[in-house]
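Following: one structure in C-alpha coordinates, then a few remarks.
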(Lines of atoms letter the chains of each structure in order from A and count residues from 1; the text may use other names and numbers.)
(Lines give C-alpha, C1' and ligand atoms only; values in the text may rest on other atoms or scores of the structure.)
Protein backbone atom coordinates (compact mmCIF):
# COMPACT_ATOMS: atom_id res chain seq x y z
CA UNK A 1 0.00 0.00 0.00
CA UNK A 2 2.84 2.43 0.85
CA UNK A 3 4.65 1.61 -2.44
CA UNK A 4 1.54 2.45 -4.45
CA UNK A 5 1.30 5.80 -2.68
CA UNK A 6 4.91 6.56 -3.64
CA UNK A 7 4.30 5.67 -7.29
CA UNK A 8 1.13 7.75 -7.30
CA UNK A 9 2.98 10.85 -6.11
CA UNK A 10 5.89 10.31 -8.49
CA UNK A 11 3.58 10.30 -11.53
CA UNK A 12 2.05 13.42 -13.04
CA UNK A 13 -1.48 13.56 -11.78
CA UNK A 14 -4.00 16.05 -10.44
CA UNK A 15 -2.94 14.97 -6.97
CA UNK A 16 0.70 15.81 -7.75
CA UNK A 17 -0.26 19.12 -9.34
CA UNK A 18 -2.35 20.08 -6.35
CA UNK A 19 0.49 19.04 -4.01
CA UNK A 20 2.90 21.18 -6.04
CA UNK A 21 0.59 24.17 -5.78
CA UNK A 22 0.49 23.62 -2.02
CA UNK A 23 4.29 23.31 -1.95
CA UNK A 24 4.44 20.07 0.02
CA UNK A 25 5.20 17.48 -2.71
CA UNK A 26 8.69 16.67 -1.46
CA UNK A 27 7.57 16.39 2.13
CA UNK A 28 4.68 14.13 1.31
CA UNK A 29 6.82 12.01 -0.99
CA UNK A 30 9.44 11.59 1.74
CA UNK A 31 6.80 10.53 4.24
CA UNK A 32 5.29 8.03 1.83
CA UNK A 33 8.73 6.58 1.01
CA UNK A 34 9.55 6.28 4.71
CA UNK A 35 6.28 4.50 5.36
CA UNK A 36 6.95 2.21 2.40
CA UNK A 37 10.39 1.40 3.82
CA UNK A 38 8.89 0.58 7.23
CA UNK A 39 6.29 -1.67 5.62
CA UNK A 40 8.97 -3.43 3.55
CA UNK A 41 11.10 -3.98 6.66
CA UNK A 42 8.08 -5.41 8.51
CA UNK A 43 7.33 -7.79 5.63
CA UNK A 44 10.96 -8.86 5.44
CA UNK A 45 11.03 -9.46 9.21
CA UNK A 46 7.87 -11.54 9.10
CA UNK A 47 9.24 -13.56 6.19
CA UNK A 48 12.49 -14.14 8.08
CA UNK A 49 10.59 -15.34 11.15
CA UNK A 50 8.51 -17.66 9.00
CA UNK A 51 11.61 -19.08 7.31
CA UNK A 52 13.21 -19.59 10.73
CA UNK A 53 10.12 -21.38 12.05
CA UNK A 54 10.01 -23.65 9.01
CA UNK A 55 13.70 -24.46 9.40
CA UNK A 56 13.24 -25.16 13.12
CA UNK A 57 10.30 -27.46 12.46
CA UNK A 58 12.35 -29.30 9.87
CA UNK A 59 15.21 -29.75 12.36
CA UNK A 60 12.81 -31.02 15.03
CA UNK A 61 11.33 -33.56 12.62
CA UNK A 62 14.80 -34.68 11.59
CA UNK A 63 15.93 -35.02 15.22
CA UNK A 64 12.78 -36.92 16.09
CA UNK A 65 13.35 -39.32 13.20
CA UNK A 66 16.97 -39.75 14.27
CA UNK A 67 15.89 -40.50 17.85
CA UNK A 68 13.33 -43.00 16.62
CA UNK A 69 15.96 -44.76 14.51
CA UNK A 70 18.39 -44.72 17.43
CA UNK A 71 15.78 -46.21 19.77
CA UNK A 72 14.97 -48.97 17.30
CA UNK A 73 18.67 -49.69 16.81
CA UNK A 74 19.16 -49.81 20.58
CA UNK A 75 16.28 -52.24 21.02
CA UNK A 76 17.56 -54.48 18.26
CA UNK A 77 21.05 -54.46 19.78
CA UNK A 78 19.66 -55.37 23.21
CA UNK A 79 17.60 -58.19 21.71
CA UNK A 80 20.61 -59.60 19.86
CA UNK A 81 22.76 -59.33 22.99
CA UNK A 82 20.06 -61.02 25.06
CA UNK A 83 19.92 -63.98 22.67
CA UNK A 84 23.69 -64.42 22.87
CA UNK A 85 23.73 -64.05 26.66
CA UNK A 86 20.92 -66.53 27.24
CA UNK A 87 22.64 -69.02 24.95
CA UNK A 88 25.82 -68.71 27.02
CA UNK A 89 23.96 -69.61 30.24
CA UNK A 90 24.58 -68.43 33.77
CA UNK A 91 22.63 -66.63 36.49
CA UNK A 92 21.85 -63.54 34.40
CA UNK A 93 20.76 -65.72 31.50
CA UNK A 94 18.37 -67.56 33.81
CA UNK A 95 16.89 -64.29 35.06
CA UNK A 96 16.49 -63.01 31.52
CA UNK A 97 14.70 -66.23 30.59
CA UNK A 98 12.35 -65.79 33.54
CA UNK A 99 11.73 -62.15 32.61
CA UNK A 100 10.90 -63.18 29.04
CA UNK A 101 8.40 -65.73 30.34
CA UNK A 102 6.77 -63.17 32.64
CA UNK A 103 6.60 -60.66 29.79
CA UNK A 104 4.79 -63.26 27.71
CA UNK A 105 2.25 -63.83 30.48
CA UNK A 106 1.75 -60.09 31.00
CA UNK A 107 1.36 -59.45 27.26
CA UNK A 108 -1.25 -62.22 27.03
CA UNK A 109 -3.16 -60.72 29.95
CA UNK A 110 -2.97 -57.30 28.31
CA UNK A 111 -4.58 -58.75 25.16
CA UNK A 112 -7.28 -60.47 27.22
CA UNK A 113 -8.08 -57.23 29.02
CA UNK A 114 -8.33 -55.41 25.69
CA UNK A 115 -10.72 -58.08 24.39
CA UNK A 116 -12.82 -57.82 27.56
CA UNK A 117 -12.93 -54.02 27.24
CA UNK A 118 -14.13 -54.36 23.65
CA UNK A 119 -16.83 -56.84 24.73
CA UNK A 120 -17.85 -54.52 27.57
CA UNK A 121 -18.15 -51.59 25.18
CA UNK A 122 -20.44 -53.63 22.90
CA UNK A 123 -22.53 -54.75 25.88
CA UNK A 124 -23.07 -51.24 27.18
CA UNK A 125 -24.03 -50.01 23.72
CA UNK A 126 -26.59 -52.83 23.41
CA UNK A 127 -27.92 -52.06 26.90
CA UNK A 128 -28.36 -48.37 26.10
CA UNK A 129 -30.32 -49.31 22.98
CA UNK A 130 -32.48 -51.75 24.96
CA UNK A 131 -33.18 -49.19 27.68
CA UNK A 132 -34.32 -46.67 25.07
CA UNK A 133 -36.74 -49.21 23.59
CA UNK A 134 -37.95 -50.21 27.04
CA UNK A 135 -38.60 -46.58 27.94
CA UNK A 136 -40.67 -46.23 24.79
CA UNK A 137 -42.66 -49.35 25.67
CA UNK A 138 -43.12 -48.06 29.22
CA UNK A 139 -44.39 -44.72 27.97
CA UNK A 140 -47.02 -46.32 25.77
CA UNK A 141 -47.96 -48.72 28.56
CA UNK A 142 -48.54 -45.79 30.92
CA UNK A 143 -50.63 -44.02 28.29
CA UNK A 144 -52.67 -47.17 27.67
CA UNK A 145 -53.21 -47.75 31.40
CA UNK A 146 -54.15 -44.28 32.57
CA UNK A 147 -55.57 -42.59 29.47
CA UNK A 148 -57.58 -45.34 27.84
CA UNK A 149 -55.15 -45.92 24.99
CA UNK A 150 -57.17 -47.61 22.33
CA UNK A 151 -56.42 -49.91 19.43
CA UNK A 152 -53.60 -47.79 17.98
CA UNK A 153 -51.95 -47.34 21.37
CA UNK A 154 -52.16 -51.10 21.96
CA UNK A 155 -50.50 -51.83 18.62
CA UNK A 156 -47.66 -49.39 19.28
CA UNK A 157 -47.18 -50.68 22.83
CA UNK A 158 -47.04 -54.31 21.72
CA UNK A 159 -44.59 -53.43 18.96
CA UNK A 160 -42.35 -51.61 21.43
CA UNK A 161 -42.48 -54.52 23.88
CA UNK A 162 -41.38 -56.86 21.09
CA UNK A 163 -38.55 -54.50 20.09
CA UNK A 164 -37.43 -54.18 23.71
CA UNK A 165 -37.47 -57.96 24.11
CA UNK A 166 -35.31 -58.37 21.01
CA UNK A 167 -32.99 -55.64 22.26
CA UNK A 168 -32.51 -57.37 25.61
CA UNK A 169 -31.88 -60.63 23.79
CA UNK A 170 -29.02 -58.81 22.04
CA UNK A 171 -27.82 -57.55 25.44
CA UNK A 172 -27.73 -61.09 26.78
CA UNK A 173 -25.79 -62.30 23.74
CA UNK A 174 -23.29 -59.51 24.31
CA UNK A 175 -23.12 -60.49 27.98
CA UNK A 176 -22.30 -64.07 27.00
CA UNK A 177 -19.30 -62.84 25.05
CA UNK A 178 -18.30 -60.52 27.90
CA UNK A 179 -18.60 -63.35 30.43
CA UNK A 180 -16.34 -65.52 28.26
CA UNK A 181 -13.71 -62.77 28.12
CA UNK A 182 -13.98 -62.19 31.86
CA UNK A 183 -13.57 -65.92 32.49
CA UNK A 184 -10.25 -65.77 30.63
CA UNK A 185 -9.20 -63.21 33.23
CA UNK A 186 -10.49 -65.26 36.13
CA UNK A 187 -13.40 -62.90 36.75
CA UNK A 188 -17.02 -63.85 37.38
CA UNK A 189 -19.72 -63.70 34.74
CA UNK A 190 -22.36 -60.96 34.56
CA UNK A 191 -26.03 -61.97 34.70
CA UNK A 192 -28.39 -60.60 32.08
CA UNK A 193 -31.86 -59.07 32.02
CA UNK A 194 -34.96 -60.68 30.55
CA UNK A 195 -38.38 -59.34 29.68
CA UNK A 196 -40.92 -61.74 28.29
CA UNK A 197 -42.56 -61.24 24.93
CA UNK A 198 -45.57 -63.07 26.38
CA UNK A 199 -46.42 -59.79 28.09
CA UNK A 200 -47.71 -58.51 24.77
CA UNK A 201 -49.72 -61.71 24.17
CA UNK A 202 -51.15 -61.55 27.68
CA UNK A 203 -52.17 -57.95 27.19
CA UNK A 204 -53.88 -58.76 23.88
CA UNK A 205 -55.83 -61.72 25.22
CA UNK A 206 -56.82 -59.99 28.45
CA UNK A 207 -56.99 -56.33 27.51
CA UNK A 208 -58.27 -54.85 30.74
CA UNK A 209 -57.10 -52.65 33.57
CA UNK A 210 -55.58 -55.60 35.45
CA UNK A 211 -53.45 -56.76 32.52
CA UNK A 212 -52.39 -53.18 31.76
CA UNK A 213 -51.17 -52.78 35.32
CA UNK A 214 -49.29 -56.10 35.18
CA UNK A 215 -47.56 -55.16 31.93
CA UNK A 216 -46.60 -51.73 33.24
CA UNK A 217 -45.31 -53.24 36.50
CA UNK A 218 -43.18 -55.81 34.69
CA UNK A 219 -41.74 -53.19 32.36
CA UNK A 220 -40.84 -51.13 35.42
CA UNK A 221 -39.19 -54.17 37.02
CA UNK A 222 -37.25 -54.88 33.83
CA UNK A 223 -36.00 -51.30 33.80
CA UNK A 224 -34.85 -51.56 37.40
CA UNK A 225 -32.98 -54.77 36.55
CA UNK A 226 -31.42 -53.09 33.51
CA UNK A 227 -30.25 -50.15 35.62
CA UNK A 228 -28.77 -52.61 38.11
CA UNK A 229 -26.97 -54.30 35.23
CA UNK A 230 -25.60 -50.95 34.10
CA UNK A 231 -24.24 -50.34 37.61
CA UNK A 232 -22.55 -53.74 37.56
CA UNK A 233 -21.04 -53.01 34.16
CA UNK A 234 -19.58 -49.79 35.56
CA UNK A 235 -17.85 -51.85 38.25
CA UNK A 236 -16.56 -54.25 35.59
CA UNK A 237 -15.18 -51.28 33.65
CA UNK A 238 -13.40 -50.01 36.75
CA UNK A 239 -11.86 -53.42 37.45
CA UNK A 240 -10.70 -53.76 33.86
CA UNK A 241 -9.16 -50.28 33.93
CA UNK A 242 -7.32 -51.12 37.15
CA UNK A 243 -6.14 -54.41 35.65
CA UNK A 244 -4.90 -52.64 32.52
CA UNK A 245 -2.88 -50.17 34.59
CA UNK A 246 -1.46 -52.93 36.78
CA UNK A 247 -0.46 -55.02 33.77
CA UNK A 248 1.11 -52.08 31.97
CA UNK A 249 3.09 -51.19 35.10
CA UNK A 250 4.22 -54.81 35.40
CA UNK A 251 5.42 -54.85 31.79
CA UNK A 252 7.32 -51.58 32.26
CA UNK A 253 8.99 -52.96 35.38
CA UNK A 254 10.05 -56.17 33.64
CA UNK A 255 11.42 -54.28 30.65
CA UNK A 256 13.35 -51.94 32.93
CA UNK A 257 14.89 -54.90 34.79
CA UNK A 258 15.77 -56.60 31.49
CA UNK A 259 17.45 -53.45 30.18
CA UNK A 260 19.33 -52.99 33.46
CA UNK A 261 20.76 -56.51 33.24
CA UNK A 262 21.78 -56.16 29.60
CA UNK A 263 23.33 -52.70 29.89
CA UNK A 264 25.20 -53.62 33.07
CA UNK A 265 26.80 -56.56 31.29
CA UNK A 266 27.46 -54.78 28.01
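Residue numbers (the working numbering): -1 to 264. Positions of the beta carbon are idealized from the N, C-alpha and C atoms, including for glycine. Source: prediction; values computed, not measured.
Under the three-state reduction of DSSP, which class applies to residue 185: helix, strand or coil?
coil
Please identify the residue among 100, 56 and 88 whose C-alpha is closest to the C-alpha of residue 250.
100
What is the DSSP secondary structure of residue 102, counted as helix, strand or coil?
helix
Count the other CB atoms within 10 Å of the CB of residue 89; is the residue buried (16 or more) or exposed (fewer)?
exposed
Rounded to the nearest angstrom, what separates residue 128 and residue 256 at their Cα positions?
49 Å
Quick check: residue 175 and residue 130, are their CB atoms within less than 8 Å of each other?
no
Report the residue from 239, 86 and 106 whose alpha carbon sits nearest the alpha carbon of residue 115.
239
Can you give the beta carbon distance from residue 111 to residue 252, rounded, assuming they're within the 8 Å contact cut?
In fact, because the Cβ distance is near 17 Å, the residues do not count as touching under 8 Å.
DSSP three-state call for residue 241: helix, strand or coil?
helix
Going by alpha carbons, who is nearest to residue 232 out of 77, 95, 126 and 80?
With distances taken between Cα atoms, residue 232 lies closest to 126.
Taking the straight line between their C-alpha atoms, what separation do you get for residue 220 and residue 247?
41 Å
Buried versus exposed, by CB contacts within 10 Å (16 or more), residue 39
exposed
From residue 178 to residue 184, what does the alpha carbon distance come to, in whole angstroms?
Between residue 178 and residue 184, the alpha-carbon positions lie close to 10 Å from each other.
Would you say residue 84 and residue 77 are within 8 Å of each other, going by their C-beta atoms?
no
Just how far apart, CA to CA, sit residue 82 and residue 260?
11 Å
Taking the alpha-carbon positions, what's the residue 50 to residue 95 distance?
51 Å
I'd like the list of long-range same chain contacts for residue 113, defined as Cβ closer than 6 Å, with 5 residues on each side in sequence excluded.
These residues qualify, in order along the chain: 179.
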